[in-house]
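Just so you know, the UniProt record's numbering puts 318 at position 318 of the sequence shown, and the rest follows in order with no gaps. All C-beta atoms, glycine included, are put in the ideal place defined by N, C-alpha and C.
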Amino acid sequence: MSEKLPKGVATVAQLAEFDTLIDARAPAEFAEDHLPGAISMPVLNDEERARVGTLYKQVSVFEAKKLGAALVAKNVARHIEQHMLDKPKSWRPLVYCWRGGQRSGAFSHILREIGWDAHRIQGGYKSWRQHVIEQLALLPPQVKFRVVTGATGSGKSRLLEALAARGGQVLHLEELAAHKGSVLGNLPGQPQPAQKGFETQLFAALSALDLTQPVFVEAESRKIGRLQVPDALLDAIRGAPGLRIDAPLPARVDFLLRDYDYAIADPAWLIERLGHLKGLQSNETLERWSLLIAARDFPALVEELLTQHYDPLYQRSQTANYDSFAAATRYATDRLDAAALDRLAAEILATSA
Numbered sequence: 001m002s003e004k005l006p007k008g009v010a011t012v013a014q015l016a017e018f019d020t021l022i023d024a025r026a027p028a029e030f031a032e033d034h035l036p037g038a039i040s041m042p043v044l045n046d047e048e049r050a051r052v053g054t055l056y057k058q059v060s061v062f063e064a065k066k067l068g069a070a071l072v073a074k075n076v077a078r079h080i081e082q083h084m085l086d087k088p089k090s091w092r093p094l095v096y097c098w099r100g101g102q103r104s105g106a107f108s109h110i111l112r113e114i115g116w117d118a119h120r121i122q123g124g125y126k127s128w129r130q131h132v133i134e135q136l137a138l139l140p141p142q143v144k145f146r147v148v149t150g151a152t153g154s155g156k157s158r159l160l161e162a163l164a165a166r167g168g169q170v171l172h173l174e175e176l177a178a179h180k181g182s183v184l185g186n187l188p189g190q191p192q193p194a195q196k197g198f199e200t201q202l203f204a205a206l207s208a209l210d211l212t213q214p215v216f217v218e219a220e221s222r223k224i225g226r227l228q229v230p231d232a233l234l235d236a237i238r239g240a241p242g243l244r245i246d247a248p249l250p251a252r253v254d255f256l257l258r259d260y261d262y263a264i265a266d267p268a269w270l271i272e273r274l275g276h277l278k279g280l281q282s283n284e285t286l287e288r289w290s291l292l293i294a295a296r297d298f299p300a301l302v303e304e305l306l307t308q309h310y311d312p313l314y315q316r317s318q319t320a321n322y323d324s325f326a327a328a329t330r331y332a333t334d335r336l337d338a339a340a341l342d343r344l345a346a347e348i349l350a351t352s353a
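Below is the structure:
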């Protein structure tokens, strides 16, 4: 028999029953990770939370609670005035904090006293986080992954986008990670999410899939930038059947010059990023690449990067880590522009089941 919940308390399994999901934690907590669709309405901001915590540790619990109550009351009043005065009596908000305790309890209590059917999440964000971890272990083995492989510069990520545009199911890990998965993969003006936030996005994406249909995903290494792909997901991808894009070197060079136009536009940043290859490439090679950047001979630079660094690295990695690499169905193309990738997507969808 399931445990009966106290009045005004809900579980993470009941999220769909509510109209609005309110995150009552501090902004820094919300920025690291939050439930999908949640709205940030902190009952204590970052500075206030630190003040109350310091008082709790250095003075007394009673003094901390007095200050906390005053700040919470002020902040909840502001949220009600700014965001809730137009809500009908039938509105059902669901509030959560870190553990589902005092912050969400105070907020939801006030809303219930007004007359709304407000609830707080049992266990708060911690229960959600545990749910995400459990599901990221359970969901990946159920997915019919089809792994897109191919040498660096083969347009794998753009092919995923073309597949999605034609109605294919796609798990775009690099998009979720805000990183292209290489030493030059940092996206300008777009920081990577926190690991917890990345995992929440992964869970949301996996939960939305039709498990009876194939899902296309790019062959990735264990880390995408500074983010780690969960073990169960990585294992499921590495054991899945694959397809390989075969494109000639000139086409890959041309593609990368377009796809990494932001790197070419910032030579200083490009030199700094290539410096991370020190130890993997000789000082003489790195110096030559710097001279090519200074001369703006980017086609020669990209060709050398592919033939001397990325191609050997990719071959070793794929052969060692992906069961399907050698037997992958091959799709040849002489070009990697949008039209060519769309044609490949159509061909792949027609032959995949």
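Can you give me the C-alpha to C-alpha distance between residue i and residue j, rounded to a whole angstrom?
i, j, result
"residue 101", "residue 219", "42 Å"
"residue 200", "residue 284", "43 Å"
"residue 321", "residue 24", "43 Å"
"residue 42", "residue 27", "7 Å"
"residue 74", "residue 192", "34 Å"
"residue 303", "residue 143", "36 Å"
"residue 108", "residue 118", "6 Å"
"residue 258", "residue 166", "23 Å"
"residue 18", "residue 9", "12 Å"
"residue 94", "residue 323", "45 Å"
"residue 60", "residue 70", "16 Å"
"residue 273", "residue 289", "12 Å"
"residue 187", "residue 207", "27 Å"
"residue 37", "residue 194", "17 Å"
"residue 156", "residue 30", "32 Å"
"residue 245", "residue 347", "12 Å"
"residue 35", "residue 211", "23 Å"
"residue 179", "residue 225", "6 Å"
"residue 308", "residue 15", "51 Å"
"residue 39", "residue 57", "30 Å"
"residue 189", "residue 352", "37 Å"
"residue 181", "residue 55", "44 Å"
Residue i: which of the options sits nearest, CA to CA?
i, options, result
"residue 114", "126, 89, 133, 98", "89"
"residue 68", "44, 312, 78", "44"
"residue 223", "234, 330, 204, 216", "234"
"residue 296", "59, 6, 271", "271"
"residue 280", "310, 252, 262, 267", "310"
"residue 91", "97, 116, 72, 226", "116"
"residue 150", "85, 313, 276", "313"
"residue 221", "328, 264, 174, 307", "174"
"residue 209", "261, 141, 50, 122", "141"
"residue 46", "57, 211, 72, 263", "72"
"residue 340", "291, 15, 58, 159", "159"
"residue 349", "331, 337, 338", "331"
"residue 335", "85, 7, 154, 293", "154"
"residue 197", "227, 260, 58, 282", "227"
"residue 134", "77, 54, 76, 231", "231"
"residue 247", "299, 333, 292", "333"
On the DSSP letters alone, give me the boundaries of the alpha helix (DSSP H) that residue i sits inside.
i, result
"residue 238", "231-238"
"residue 250", "249-259"
"residue 200", "195-207"
"residue 354", "This structure gives no information on residue 354, because the portion of the chain shown stretches from 1 to 353."
"residue 274", "267-274"
"residue 54", "46-58"
"residue 16", "Residue 16 -> no alpha helix (DSSP H), and no H or E assigned at all."
Following the continuous beta strand (DSSP E) through residue i, name the residue where it begins and the one where it ends.
i, result
"residue 218", "214-218"
"residue 61", "Not the beta strand (DSSP E): residue 61 falls in the alpha helix (DSSP H), residues 61-83."
"residue 330", "329-332"
"residue 95", "93-96"
"residue 242", "242-246"
"residue 226", "Where residue 226 is concerned, there is no enclosing beta strand (DSSP E), given that its DSSP letter is neither H nor E."
"residue 112", "It is not in any beta strand (DSSP E) - residue 112 instead sits in the alpha helix (DSSP H) that spans 102-114."
"residue 34", "Unbroken run through residue 34: none, as it is neither H nor E."
"residue 120", "119-121"
Note down, in chain order, each residue of its chain lying with its Cβ closer than 6 Å to the Cβ of residue i, except the 5 sequence neighbours on either side.
i, result
"residue 164", "170"
"residue 342", "162"
"residue 1", "Below a pLDDT of 50, predicted positions are generally treated as unreliable, and residue 1, at 38, falls in that range; the measurement from the model is reported next regardless. None."
"residue 359", "Because the chain in this structure spans residues 1 to 353, residue 359 falls outside the shown range and cannot be described."
"residue 99", "124, 126"
"residue 329", "243"
"residue 97", "24, 25, 103, 104, 124"
"residue 213", "169"
"residue 265", "none"
Looking only at its chain, what residues have a beta carbon closer than 7 Å to the beta carbon of residue i, apart from the 5 residues adjacent to it on each side?
i, result
"residue 427", "Residue 427 is absent from the model: the chain starts at 1 and stops at 353."
"residue 319", "325"
"residue 105", "120"
"residue 145", "215, 217, 236, 237, 240"
"residue 205", "171, 176"
"residue 4", "none"
"residue 111", "93, 118"
"residue 79", "41"
Spatial neighbours of residue i within its chain, please: C-beta separation below 8 Å, excluding the five flanking residues on both sides.
i, result
"residue 276", "183"
"residue 263", "184, 269, 270, 273"
At which residue ranges does the region 123-191 contain complete alpha helix (DSSP H) runs of 4 or more residues, listed in the order of the chain? List check, alpha helix (DSSP H) in window: 124-138, 156-165, 173-177.
Kindly provide the ranges of any alpha helix (DSSP H) runs that are 4 or more residues long and lie completely inside the region 285-313, ordered along the chain. 298-305
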